[in-house]
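This note's numbering puts the first residue of the sequence shown at 111, with every later residue one more than the last.
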Amino acid sequence: MKIAIIGAGLAGLAVAYFLSEKGEVTLFDAKGIGGGASGMAAGLLHPFAGQSGKLCRFGWEGLLATVALLNEVYPQKKGGILRLPFNERMREGLASQSELAPLSPEETEKQFPQVGKKSSFWCEEGYLIDTPAYLAALFEKLKSKGSILVQQKVEDFSSLQTFDKIILCMGSDSPFIPLQKLKGHLLEIEWPSHLSPLESPILGAGYIIPKGRTCIIGSTYERNFSSVAPDLEWAKRELLPQADRMINGLSQAKVLKVMAGVRASTHDHLPLIESIDSKTTLFTGLGSRGLLYHALYAKKLADGLI
Ligand SMILES: Cc1cc2nc3c(=O)[nH]c(=O)nc-3n(C[C@H](O)[C@H](O)[C@H](O)COP(=O)(O)OP(=O)(O)OC[C@H]3O[C@@H](n4cnc5c(N)ncnc54)[C@H](O)[C@@H]3O)c2cc1C
Numbered sequence: 111m112k113i114a115i116i117g118a119g120l121a122g123l124a125v126a127y128f129l130s131e132k133g134e135v136t137l138f139d140a141k142g143i144g145g146g147a148s149g150m151a152a153g154l155l156h157p158f159a160g161q162s163g164k165l166c167r168f169g170w171e172g173l174l175a176t177v178a179l180l181n182e183v184y185p186q187k188k189g190g191i192l193r194l195p196f197n198e199r200m201r202e203g204l205a206s207q208s209e210l211a212p213l214s215p216e217e218t219e220k221q222f223p224q225v226g227k228k229s230s231f232w233c234e235e236g237y238l239i240d241t242p243a244y245l246a247a248l249f250e251k252l253k254s255k256g257s258i259l260v261q262q263k264v265e266d267f268s269s270l271q272t273f274d275k276i277i278l279c280m281g282s283d284s285p286f287i288p289l290q291k292l293k294g295h296l297l298e299i300e301w302p303s304h305l306s307p308l309e310s311p312i313l314g315a316g317y318i319i320p321k322g323r324t325c326i327i328g329s330t331y332e333r334n335f336s337s338v339a340p341d342l343e344w345a346k347r348e349l350l351p352q353a354d355r356m357i358n359g360l361s362q363a364k365v366l367k368v369m370a371g372v373r374a375s376t377h378d379h380l381p382l383i384e385s386i387d388s389k390t391t392l393f394t395g396l397g398s399r400g401l402l403y404h405a406l407y408a409k410k411l412a413d414g415l416i
């Protein structure tokens, strides 16, 4: 069976992984591996996403599927995420999850002196993934199974008629079904020298991801945007005060880099697998939970397709 996959992000590479045993996979991507939103995912993998802090639907199934795939191709994941509730709804949501360990303000300060005295929750079943490195490792695995990448924008699906199956994993550029598009900005900032190094990511109103002598702060969720290009001044205005509420002093840090990408979301925040015709299947709508859902849904798609 000859299979064409359009899009080499988390969705396309995971589908390719599960189908590569069953057929000959050719990946097409206009920009190369991780050229879309996947290449800039901050790397947070946990089942308690969203404003309420509660367990996501299929959260544990998604986490287990991703961890299994990571163990196959890229086992270097860092465990544990500190959750800082930023309103009562999130505090209640996090408190209702027995898997999260509540930390008193004193315990938080002892373990995370950078944060100071704030009540928090420790999420042991949360991970930080170096997403570009994971995508590269996944592609290496695919190459070893005979899959190839063609770096080319596919303008017309009828040019792929020699393939038996066509899977569209085009993220926010997906055709056929209207999706909500949410632009997200990230900033890389210098880690202030007066603060001790941060060992784990912090997730509150936004997030702080440690990265050696720098850190990534994110993210924005913009519904109305006219350009996908990053806007440094907007990102600074939005993200620096947000990060400062979690760690005092971050708003003064030197900004090194700005990045922006576009997420494609469905109304129920779950991915979408849709059969377009007898040959073509659409897989998109991973929203801001690509790491949580890509492996679970890619496996479902591969199992259902053949
Ligand atoms: C700022 C930001 C931070 C994020 N952080 C996290 C995080 O910490 N944890 C998490 O789980 N998720 C995170 N996400 C969400 C995550 O990035 C997405 O859910 C995921 O990347 C979606 O994967 P995808 O493969 O569906 O889409 P993409 O990664 O966008 O892949 C689509 C691919 O299709 C290609 N393509 C499109 N049209 C064509 C065409 N016509 N021809 C050829 N190729 C084409 C594109 O070049 C692209 O490479 C973040 C997103 C953003 C924007």
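A virtual CB, placed ideally from N, CA and C, is assigned to each residue, including glycine. Since this is a predicted model, take the numbers as computed values, not measurements.
Asked                                                                                                                                                                                 : Found
What separation, rounded to the nearest whole angstrom, lies between the Cα atoms of E298 and A412?                                                                                   : 36 Å
Just to confirm, are S148 and S257 a CB contact at a threshold of 8 Å?                                                                                                                : no
Given E209, which residues of its chain have a CB within under 7 Å of its CB, disregarding the five upstream and five downstream residues?                                            : E235
What I want to know is whether the C-beta of T391 ends up closer than 7 Å to one or more non-hydrogen atoms of ligand 1.                                                              : no
Terminal residues of the continuous beta strand (DSSP E) containing L238?                                                                                                             : S230 to L238
Is the beta carbon of M502 less than 8 Å from the beta carbon of G133?                                                                                                                : An answer regarding residue 502 cannot be provided, because it is not within the stretch 111 to 416 covered by the chain.
Tell me the DSSP secondary structure of G256 in three-state form.                                                                                                                     : coil
Do G397 and H377 have their C-beta atoms within less than 8 Å of each other?                                                                                                          : no
Identify whether F138 lies in helix, strand or coil by the three-state DSSP scheme.                                                                                                   : strand
Do T218 and G153 have their C-beta atoms within less than 8 Å of each other?                                                                                                          : no
Short of 7 Å in beta carbon distance, which residues of its chain neighbour F170, apart from the five on each side in sequence? Order them along the chain.                           : The identity of residue 170 in the sequence shown is Trp, whereas the question assumes Phe. For W170, where only same-chain residues beyond five positions count, the Cβ hits under 7 Å are P157.
For the alpha helix (DSSP H) that contains P320, what are its first and last residues?                                                                                                : Run containing P320: none in the alpha helix (DSSP H); it sits in the beta strand (DSSP E), G316 to K321.
At a cut-off of 7 Å, is D354 close to ligand 1 when judged by its beta-carbon and the heavy atoms of the ligand?                                                                      : no
When every heavy atom of ligand 1 is checked, does at least one fall within less than 7 Å of the C-beta of F158?                                                                      : no
Since K164 and G203 are thought to touch, with beta carbons under 8 Å apart, how far apart are those beta carbons, to the nearest angstrom?                                           : 4 Å
Ends of the beta strand (DSSP E) at G189?                                                                                                                                             : K188 to R193
Alpha carbons only, please: which of M356, S375, P381 and L349 is nearest the one belonging to K367?                                                                                  : L349
G393 bridges to which residues according to DSSP?                                                                                                                                     : According to the sequence displayed, residue 393 carries Phe and not Gly. Paired residue(s): I383.
With DSSP collapsed to three states, give me the class of M280.                                                                                                                       : coil
Give every residue of the same chain whose Cβ lies closer than 6 Å to the Cβ of T330, excluding the five residues on either side of it in the sequence, and list them in chain order. : G294, H295 and E348
Once DSSP output is grouped into helix, strand and coil, what is the label at H295?                                                                                                   : strand
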